[in-house]
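Residues in the sequence shown are numbered from 32 upward in steps of one, following our numbering.
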Amino acid sequence: MKKIVFLCLLVAFLYPMGAETFAQQRFQSTWASLKEYKIPDWFRDAKFGIFIHWGVYSVPAFNSEWYPRNMYRKGEKVYQHQVETYGPETSFGYKDFIPMFKAEHFDPDQWVSLFKKAGAQYIVPVAEHHDGFAMYKTSLSKWNAAEMGPKRDVIGELATAARKQGLIFGLSSHRIEHWWFMNGGRRFESDVNDPQYEDFYGPAREESETMTPEFMNDWLLRNTELVDKYQPQLFWFDWWIDQPALEPYRKTFASYYYNKALEWDKGVVINYKHDIAFPKGVAVYDMERGKLAGIHTLPWQTDDAIGEKSWGYVKNNTFKSAQYVISNLIDIVSKNGNLLLNVGPRSDGTITEEETAVLLGTGKWLDVNGEAIYGTRVWKQFGEGPTESASGQFVDQKKPFTSKDIRFTMKGDTLYAITLALPRKGESIEISSLSKKSGNGLIKTIELLGSGENLIWVQKEDKLVIKPVASYPSQYAAAFRILFNQ
């Protein structure tokens, strides 16, 4: 008996904070090991985040955030604009925009306050875009925002501001695309070919060329540096990480990041674009400007932009409406997804009035109806209605949703039915999926979120009918809380 007591005391001493945490199996850089990864609850609960494309490309503010590539491609309108506005690329190259990137009005606390008012639960600023200019203080390149341009560690400041205001901090790296991004400048006389700028513009190789081990090692080092310095809980990658040569580096990064998360005792997420980059379940699938047609077993994410022409700031951009954003957020959440919504600030650090209005409109709706979004899970079906949902990558919802389009979410025993637009005055809401004959249960109560009005409703054999209400407590969409008889 004494021996047993001694052994129990010894175990308690060696594992004081709980044996499971202390003895957590570390991830190895193999797919078999990485398949043990579990998507954290914070991501499944959050549903809505903000993406931020901000960099040197916001200075020319022309066409798109791919300005640095297209200004070196003869025949492109961006090339013509560059030559006519700034002169030939021998005398004025992309590097010459850096001193003009001053960020004089950048206020990270103000940004995060806006994103919080929008209802976002996490933020994902771009740490380095395809252009090779790091928005953080890095030991691997002098071409960074802490030493040039703004002379501020933008990523570090946003990380601090986000955590101070209770938002989850993530970031993105597009470094791998830099392998080929500036290669147009190799084809004619330009500063891309000047040896003194090789560490900025290079490698500038062809997409068809296999990346060198040196470049892939640099990619890995930059990413692990970001992990160590800023402890992001989400790490977003663009599509080109699916290159076959990068597979061992992808596995190494994932195991390093997931093991760091164990040390931090925080759940983390890697986002990727194509299924060939990571096996299913090893990371979280992300769809650019698109969505899935139905419920996906594993949580996933859409990244979309309020700006319709560019992810970064451009002077002639057009913008999606708050109605579009909210109806698509509801649609995505009903299918087990999250929405990562992008803004593109001006070079001075201000966010456009149009994007601000959409963010505040979205937040105002979530203030009333967030109960039907945050922390929810999918029901047995995502919804019903006459309007076909767009599906796939790079597919906008061309046909607007209507009040007859219904989406469902679930939280415990509570079902939420959400219209994707407000009904017209005097219009009833009809839901066939909640009829008596549907087999989904007899309804006990129905309440309109944000309203104290006593609803008049009837569950018929072929449909549930909710009679018109006097007024809706929010614009854009209505959410109903439904409880069933046990």
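Ideal Cβ placement from N, Cα and C applies to all residues, glycine included.
* Which parts of the stretch 58 to 126 are runs of the beta strand (DSSP E), unbroken and 3 residues or longer, counting only runs that do not cross its ends? -> 79 to 83
* List the DSSP bridge partners of N347. => Translated into the one-based positions of the sequence shown, residue 347 becomes position 316. Answer by DSSP bridge pairing: none, since N347 is not bridged.
* To do: Let me know if H305 comes out buried or exposed under the rule of 16 or more other beta-carbons within 10 Å of its beta-carbon.
  => Locating residue 305 in the sequence shown gives position 274, counting from the first residue. With fewer than 16 other Cβ atoms within 10 Å, it is exposed.
* Would you check if the distance between the CB atom of V223 and the CB atom of I326 is smaller than 9 Å? => On the sequence shown, residue 223 is found 192 positions in, with the first residue counted as 1. On the sequence shown, residue 326 is found 295 positions in, with the first residue counted as 1. No; because the gap between Cβ atoms is not below 9 Å, this pair is not in contact.
* **Backbone secondary structure at M334 - three-state DSSP** => As a first step, residue 334 must be located in the sequence shown, where it is residue number 303. According to the sequence provided, residue 334 is Asp. The question's Met does not apply to it. D334 falls in the strand class under three-state DSSP.
* Entirely within the stretch 180 to 267 and at least 3 residues each: give me those beta strand (DSSP E) ranges in chain order. => 202 to 204
* Range covered by the beta strand (DSSP E) that runs through V315 -> Position 284 of the sequence shown, counted from the start, is the residue given in the question as residue 315. Its beta strand (DSSP E) spans residues V315 to E319.
* **Opening and closing residue of the alpha helix (DSSP H) in which K147 lies** => Counting from 1 along the sequence shown, the entry for residue 147 is found at position 116. Looking at the DSSP string, the run of the alpha helix (DSSP H) that includes K147 is P139 to K148.
* **Residue interval of the beta strand (DSSP E) (run including E461)** => In the sequence shown, counting from the first residue as 1, residue 461 sits at position 430. Counting along the chain, the beta strand (DSSP E) containing E461 begins and ends at I460 to I462.
* Are the Cβ atoms of E115 and M102 separated by less than 9 Å? -> Position 84 of the sequence shown, counting from 1, holds the residue named residue 115. Position 71 of the sequence shown, counting from 1, holds the residue named residue 102. Result no, Cβ atoms of E115 and M102 do not sit closer than 9 Å.
* Asked: Roughly how many whole angstroms lie between the Cα atoms of G321 and Q424?
  -> Walking along the sequence shown from the start, residue 321 turns up at place 290. Walking along the sequence shown from the start, residue 424 turns up at place 393. Approximately 4 Å between the Cα atoms of the pair.
* To do: Check whether the Cβ atoms of W142 and P417 sit closer than 9 Å, and answer yes or no.
  => By one-based count along the sequence shown, residue 142 stands at place 111. By one-based count along the sequence shown, residue 417 stands at place 386. Cβ distance not < 9 Å, so W142 and P417 don't count as in contact.
* How big is the Cα-Cα spacing for G394 and E385? -> Here residue 394 is taken as the residue at index 363 of the sequence shown, counted from 1. Here residue 385 is taken as the residue at index 354 of the sequence shown, counted from 1. In a straight line, the C-alpha of G394 is about 14 Å away from that of E385.
* **When W270, E339 and E294 are compared against M318, the one with the closest alpha-carbon** => Against the sequence shown, residue 318 aligns to sequence position 287. For M318, the nearest C-alpha among the options comes from W270.
* Spatial neighbours of A308 within its chain, please: CB distance less than 7 Å, with the 5 preceding and 5 following residues excluded, ordered by chain position. => Taking the first residue of the sequence shown as 1, we reach residue 308 at position 277. The residues are I272, D273 and R281.
* Between the stretch 472 to 483 and the stretch 428 to 437, are three or more C-beta pairs nearer than 8 Å? -> no
* **Among G201, K467, V374 and F128, nearest to G180 - alpha-carbon criterion** => As a working mapping, residue 180 is identified with position 149 in the sequence shown. It is F128.
* Might you give, ordered along the chain, the residues of its own chain that have their beta carbon closer than 7 Å to the beta carbon of R104, omitting 5 neighbours on each side? => Mapped onto the sequence shown, residue 104 falls at position 73. Excluding residues within five positions, the ones whose Cβ falls inside 7 Å are Y110 and G215.
* **F123 vs S378 beta-carbon contact at 9 Å** => Position 92 of the sequence shown holds residue 123. Position 347 of the sequence shown holds residue 378. Remark: C-beta atoms of F123 and S378 do not approach each other more closely than 9 Å.
* To do: Tell me whether T445 sits in a helix, a strand or coil according to DSSP, three-state version.
  => To locate residue 445, count along the sequence shown from 1; it is residue 414. DSSP places T445 in strand when its eight states are reduced to three.
* **Continuous alpha helix (DSSP H) stretch holding R281: start and end** => On the sequence shown, residue 281 is found 250 positions in, with the first residue counted as 1. Note, R281: alpha helix (DSSP H), E278 to W295.
* Distance CB(K353)-CB(Q152) smaller than 9 Å -> What you label residue 353 is simply residue 322 of the sequence shown in a count that begins at 1. What you label residue 152 is simply residue 121 of the sequence shown in a count that begins at 1. At residue 353 the sequence reads Ala, which differs from the Lys that was named. The Cβ-Cβ distance between A353 and Q152 does not fall below 9 Å.
* To do: Using a threshold of 9 Å, state whether the C-beta atoms of G483 and N516 are closer than that.
  => Sequence index remark: in the sequence shown, residue 483 carries index 452 (1-based). Sequence index remark: in the sequence shown, residue 516 carries index 485 (1-based). Going by C-beta atoms, G483 is not nearer than 9 Å to N516.
* Thinking P499 and E458 are a contact (beta carbons under 8 Å), I'd like their distance in whole angstroms, please. => Translated into the one-based positions of the sequence shown, residue 499 becomes position 468. Translated into the one-based positions of the sequence shown, residue 458 becomes position 427. With 8 Å as the limit, P499 and E458 qualify as a contact, their Cβ atoms being about 6 Å apart.
* Asked: What is the DSSP secondary structure of Y303, reduced to helix, strand or coil?
  -> Within the sequence shown, residue 303 is the residue found at index 272, counting from 1. Under the three-state reduction of DSSP output, Y303 falls in the strand class.
* Asked: F128 by DSSP, collapsed to three states: which one?
  -> One-based indexing of the sequence shown puts residue 128 at position 97. In this structure, F128 counts as helix in the three-state DSSP scheme.
* Could you name the residues of the same chain whose beta carbon sits closer than 7 Å to that of N367, not counting the 5 residues immediately before and after it, in chain order? => The residue you call residue 367 lines up with position 336 of the sequence shown. If we look at N367 and ignore the five residues flanking it on each side, its Cβ neighbours are I326, H327, P330, W331 and V409.
* Straight-line gap, L370 to T440 (C-alpha atoms, nearest Å) -> By one-based count along the sequence shown, residue 370 stands at place 339. By one-based count along the sequence shown, residue 440 stands at place 409. In this structure, the CA atom of L370 is about 15 Å from the CA atom of T440.
* When we look at the beta-carbon of A177 and count the other beta-carbons within 10 Å, is it buried (16 or more) or exposed? -> Counting from 1 along the sequence shown, the entry for residue 177 is found at position 146. Label assigned to A177: buried.
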